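Only one structure is covered here, and it is reproduced in the block below.
In our numbering, the protein residues as written are 4 to 787.
In structure tokens:
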């Protein structure tokens with residue numbers, strides 16, 4: 004608590020000292036000669052590095068010291084416009100601008116990478132990175148793969164398409180990081196609809212919050228949150244694509260929307276993924292007759308890892324009416340079939356195990372600005388998931404990695420099971436914000452999440468099948484934001500966490516089941532602030548006392564025999580500090596440079612970590628008593644007009660076990676101060692893209708892209724135990740995209756892992772080698 008007070012006083016004092024300003028404000032909107040608003044227009048003061056960009060409505064705001072300047076306005080496809088302006092101290096001047104179309108657009112026009120909405124997110128007081136997903140819509144990436152291009156993020160997979168994944172963000176991993184889609188928690192979604200199978204085309208942008216998360220999410224995230232934003236403001240469009248690639252991989256996607264002048268709107272999204280995942284791996288072969296490993300290591304092809312899923316999402320409602328900015332009713336249906344080739348390590352191979360998942364989820368979304376009175380904004384999102392899943396292991400065979408098998412007397416390759424699960428999950432997020440005098444914003448948010456699971460094993464029916472495993476989680480938050488100027492923003496908040504776990508068991512074996520559950524209550528709080536020291540230099544800092552409540556999967560298992568639950572898990576708590584700096588430098592008209600850096604500190608109690616059993620690969624979560632982390636993130640990007648873009652990111656994190664004495668012992672623990680195992684601590688990526696225009700036709704475009712991924716070696720188990728190291732990995736990807744008719748028709752060719760390197764995210768769980776893919780995409784906007 005003393006740290007919090009000291010940090011708060013120091014932060015507020017510093018910001019207040021900087022915050023006194025006599026700057027002038029220039030604002031207005033930009034349109035063309037027909038009156039159409041022009042978003043993303045570039046507005047800058049000639050001869051300086053001061054600039055801004057018009058938002059989605061064509062509006063702009065620029066703060067600068069008083070004086071006389073030459074103002075230049077530029078947008079690709081339009082003639083530059085320059086005019087003289089004079090601004091007095093503390094003056095607010097309105098200047099509306101009209102641009103004329105350029106009949107001969109050239110490559111020397113300014114190209115600004117990003118979107119105004121993305122800048123709004125990044126310039127908030129939170130430590131957040133917004134990834135523009137639209138430039139990736141011609142690729143075959145899913146959302147999880149796209150996330151790897153964000154500094155501080157590492158997505159770890161157990162295999163190919165549809166495989167299990169784990170997102171690591173600034174030293175936090177798994178359920179420490181919360182996921183949202185348009186602000187709706189994804190915690191209760193089934194595996195049929197997750198980051199590893201959602202096409203990147205569904206997203207307009209991806210927001211990655213590192214540390215403190217805005218109170219509007221109502222999250223119990225310990226280390227950050229990831230929000231997939233799908234609403235793109237397009238009224239009438241069709242976006243359809245199909246891709247085919249190595250390992251018999253097929254992906255298709257359709258996204259369409261129609262909005263009438265009356266405000267009626269209908270939206271439909273459907274996507275499908277299929278892959279045999281029959282890539283080659285190197286592993287040890289077991290002798291089926293003796294059940295012994297003889298050291299026979301070979302390169303073999305995976306033979307039982309087929310994955311397929313399809314998902315349909317539909318919404319209908321109204322937008323931009325007198326009673327609702329948005330009122331949508333919808334449903335999501337998803338189905339998944341997943342063959343299981345091996346458990347959490349690869350010596351064992353299966354030939355007939357599989358799992359299924361199905362979801363049917365109705366949804367409600369309501370948003371209204373200025374409800375009943377000016378500056379009162381409300382929103383409500385809710386969903387309820389009717390989920391079903393199964394885990395089937397009933398084969399009378401035992402396999403090795405050569406695809407050989409022997410017949411057995413007893414069924415079950417790993418654990419004889421015909422288990423069916425009924426999962427029910429409901430979530431509701433209500434948010435009310437009132438803004439007073441344009442400087443003060445008050446927010447109240449409440450999120451309720453309900454989870455219930457019943458299981459039925461046809462192999463061994465049990466009286467326990469009649470009793471559900473349940474959690475009830477509620478988070479109430481109150482927030483206050485103070486923004487006296489465009490340069491200064493301060494946000495504070497308080498959260499009340501309530502969690503109840505109902506777990507039924509028959510401890511006496513008498514047939515009388517008891518509720519052995521318990522409830523917890525915790526209180527969290529935090530502060531986030533940002534200040535523009537210069538027009539293009541932003542400082543950010545935040546502190547949070549955060550709590551993270553165990554999920555249903557951690558408490559009750561994944562339902563696949565390989566990931567067990569632990570109903571005795573305690574909530575995690577952490578003191579989180581973040582400090583960041585963002586600098587945008589306009590070197591010259593066609594040269595733009597951006598650097599984003601952040602420092603993190605985490606002091607975590609009861610850290611939840613999945614611990615694998617070394618004999619069979621089965622994982623079960625447990626609480627680590629004390630963990631500390633210090634780390635840095637660095638991301639840089641340079642753009643030269645519309646010719647090329649070069650960028651890279653670097654992450655270092657020092658996540659250490661700080662439990663010095665185990666309970667009841669006075670001897671220093673062997674693993675005290677060791678790195679937390681099976682977590683990369685040094686990694687990064689780099690990318691380079693060249694842009695070509697007017698190759699054959701006026702509206703044709705071609706992009707040539709290169710991407711590099713680097714992961715330094717790390718320990719699979721605690722270093723003091725002398726465990727195995729996961730080796731350093733470097734992967735190279737290439738892609739070429741050609742667009743015709745201004746993006747209406749698109750074709751892309753990709754090659755991933757060009758050098759066919761052996762890649763691992765967990766020891767021995769080998770990922771695909773070199774692969775190729777082609778994607779065809781059709782996009783039509785404003786078809787009415």
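By construction, the Cβ of each residue, glycine as well, lies at the ideal position given by its N, Cα and C atoms. Note that this is a predicted model, so its numbers are computed, not measured.
Count the other C-beta atoms from every protein chain shown that fall within 10 angstroms of the C-beta of residue 550, then say buried if there are 16 or more, exposed otherwise.
Buried is the call here.
Less than 7 Å between C-beta atoms, sequence neighbours within five positions excluded: which residues of the same chain meet that for residue 560?
Result list for residue 560: 566, 567, 568, in chain order.
What are the partner residues of residue 609, as DSSP defines its beta bridges?
For residue 609, which the question treats as bridged, DSSP gives no partner whatsoever.
What does the Cβ neighbour count give for residue 296, buried or exposed, with the cut at 16 atoms within 10 Å?
By the 10 Å Cβ count, residue 296 comes out exposed.
Paired residues, beta bridge with residue 381 - DSSP:
When beta bridges are read from the DSSP output, residue 381 appears opposite 371, 435.
Exposed unless 16 or more other CB atoms sit within 10 angstroms - verdict on residue 526:
Flag for residue 526 reads exposed.
Can you tell me which of the three DSSP states residue 158 falls into?
DSSP places residue 158 in strand when its eight states are reduced to three.
Need the endpoints of the beta strand (DSSP E) that residue 492 sits in, please.
Annotation for residue 492: the continuous beta strand (DSSP E) segment containing it runs 491-505.
Could you compute how far the alpha carbon of residue 762 sits from the alpha carbon of residue 770?
Roughly 6 Å separates the two Cα atoms.
Segment limits, alpha helix (DSSP H) that includes residue 623:
Not the alpha helix (DSSP H): residue 623 falls in the beta strand (DSSP E), residues 622-643.
Expected contact under 8 Å - CB spacing of residue 400 and residue 411 to nearest Å:
Contact check for residue 400 and residue 411: beta-carbon distance about 6 Å, within the 8 Å limit, so the pair qualifies.
Host beta strand (DSSP E) of residue 228 (start-end)
Residue 228 -> beta strand (DSSP E) spans 227-232.
Let me know the secondary structure DSSP gives residue 179 once reduced to three states.
In the structure shown, residue 179 sits in a helix (DSSP, three-state: H, G or I).
Is it buried or exposed, residue 777, if we count other Cβ atoms within 10 angstroms and call 16 or more buried?
Flag for residue 777 reads exposed.
Could you check where the alpha helix (DSSP H) with residue 148 kicks off and where it finishes?
Run containing residue 148: 146-150, per the alpha helix (DSSP H) assignment.
Mind listing, in chain order, the continuous beta strand (DSSP E) runs of no fewer than 3 residues lying wholly within the segment 207-294?
Considered as a whole, the segment 207-294 harbours 208-213, 227-232, 240-248, 252-262, 267-278, 283-290 as its complete beta strand (DSSP E) runs of no fewer than 3 residues, in chain order.
Rounded to whole angstroms, what is the Cα-Cα separation between residue 773 and residue 162?
Looking at the backbone, the Cα of residue 773 and that of residue 162 are separated by about 14 Å.
Need the endpoints of the beta strand (DSSP E) that residue 470 sits in, please.
From DSSP, residue 470 is part of no beta strand (DSSP E); its letter is neither H nor E.
Should the segment 700-707 be regarded as contacting the segment 667-681, the criterion being three or more beta carbon pairs within less than 8 Å?
As far as the Cβ criterion goes, the segment 700-707 does not touch the segment 667-681, which means the pair count is below three.
Kindly indicate which residue of 690, 231, 65 has the alpha-carbon position closest to the one of residue 136.
231 is the residue among 690, 231, 65 whose C-alpha sits nearest the C-alpha of residue 136.
To the nearest angstrom, report how far apart residue 552 and residue 558 are at their CA atoms.
Going by the C-alpha atoms only, they are around 10 Å apart.
Counting C-beta neighbours from all protein chains within 10 Å, is the total for residue 404 16 or more, i.e. buried, or is it exposed?
That one is buried.
For residue 632, the nearest candidate out of 625, 660, 646, 653 (CA to CA)
A check of alpha carbon separations from residue 632 across 625, 660, 646, 653 identifies 660 as the nearest.
Can you give me the Cβ contacts of residue 309 inside the same chain, cut-off strictly under 6 Å, excluding the 5 residues immediately before and after it?
Same-chain partners within the cutoff: 279, 342.
Terminal residues of the beta strand (DSSP E) in which residue 171 lies
Looking at the DSSP string, the run of the beta strand (DSSP E) that includes residue 171 is 168-172.
Helix or strand or just coil, what does DSSP make of residue 587?
Of the three classes helix, strand and coil, the one that applies to residue 587 here is strand, per DSSP.
Nearest to residue 301 by CA position, among 311, 293, 288, 312, is which residue?
For residue 301, the nearest C-alpha among the options comes from 288.
Look up residue 508 in the DSSP assignment and give the residues it is bridged to.
Bridge partners of residue 508: 517.
Where residue 723 falls: helix, strand or coil (DSSP)
DSSP, read as helix, strand or coil, puts residue 723 in helix.
When DSSP labels each residue in this structure, what does residue 8 get in the three-state scheme?
Low local confidence applies: a pLDDT of 42 at residue 8 is under 50, so the model's placement there is unreliable, and no value is given.
Per DSSP, residue 46 is paired with what?
Note: residue 46 sits in a beta bridge opposite 55, 76.
What's the gap between the Cα of residue 383 and the Cα of residue 579?
When rounded, the distance between both Cα atoms is 29 Å.
Of all Cβ atoms in chain B, is any one closer than 9 Å to the Cβ of residue 261?
Included in the structure is just one protein chain, with no chain B present.
As assigned by DSSP and simplified to three states, the class of residue 29
In the structure shown, residue 29 sits in a strand (DSSP, three-state: E or B).
Excluding the 5 residues flanking residue 153 on each side, which residues of the same chain have their C-beta closer than 6 Å to its C-beta?
Contacts found: 132, 134, 211.
Rounded separation between residue 671 and residue 662 - CA only:
Spanning the alpha carbons of residue 671 and residue 662 requires a straight line of approximately 9 Å.
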